[in-house]
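Visitor: Taking my numbering, the leading residue of the sequence shown gets 1248, the next gets one more, and so forth.
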Amino acid sequence: MNDTEYHQIVDEVFSQLEEAIDDSGSDIDYEIIGNVMNLEFDDRSQIVINKQEAMKEIWLASKSGGFHFSYVDEKWICSKSGSEFFSFVKNECDKHAGEAIEWDE
């Protein structure tokens, strides 16, 4: 994939994530500045998701550590766990919020 395709795909991921958070009714604040999306929780903890254009990856940092996601068969897959991006983010949000958050992936 070229740089333009990469940015289009990741921008869509960010949009889907924003929509999922909005639709969930959860109290997660989010902000996108440049290539970085920050999710902030009531306890002020954060999940930071950013584009890594040079690697064509999405990187995520949370209480659990740092994770890299590569685009495989039209899904973003974690190099450490093999988890799909949206499922992984939901699990991390549950941990940060201290409760299960209901949202569609």
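Think of the CB as a built atom: it goes at the ideal place given N, C-alpha and C, for glycine as much as any other residue. None of the values given here were measured: they were computed from a predicted structure.
Strictly by DSSP, which residues pair up with aspartate 1276?
Guide: Beta-bridge pairing links aspartate 1276 to Glu1287.
Visitor: Measuring CB to CB, does aspartate 1250 end up less than 8 Å from glutamate 1300?
Guide: Yes; because the gap between Cβ atoms is below 8 Å, this pair is in contact.
Visitor: Would you call isoleucine 1280 buried or exposed, if buried means 16 or more other Cβ atoms sit within 10 Å of its Cβ?
Guide: The residue in question, isoleucine 1280, is exposed, as its Cβ has fewer than 16 Cβ neighbours within 10 Å.
Visitor: What are the boundary residues of the alpha helix (DSSP H) that lysine 1337 is part of?
Guide: Element bounds for lysine 1337: 1332-1344.
Visitor: Taking methionine 1302 as the reference, give the member of Ile1348, Trp1350, Val1257 with the closest Cα.
Guide: Methionine 1302 has its Cα closest to that of Val1257, out of Ile1348, Trp1350, Val1257.
Visitor: Within a Cβ cutoff of 6 Å, which residues of the same chain sit near alanine 1308, ignoring the five residues on either side of it in sequence?
Guide: Around alanine 1308: Val1295.
Visitor: According to DSSP, is isoleucine 1294 helix, strand or coil?
Guide: Note: isoleucine 1294 maps to strand in three-state DSSP.
Visitor: Buried or exposed for alanine 1267, please, with buried defined as at least 16 other CB atoms from any protein chain shown within 10 angstroms of its CB.
Guide: Label assigned to alanine 1267: buried.
Visitor: Among Gly1313, Asp1290, Ser1311, Lys1298, whose alpha-carbon lies nearest the alpha-carbon of asparagine 1282?
Guide: That would be Lys1298, whose Cα lies nearest to the Cα of asparagine 1282.
Visitor: Just the Cα atoms here: how many angstroms apart are valine 1336 and methionine 1248?
Guide: The alpha-carbon atoms of valine 1336 and methionine 1248 are separated by roughly 24 Å.
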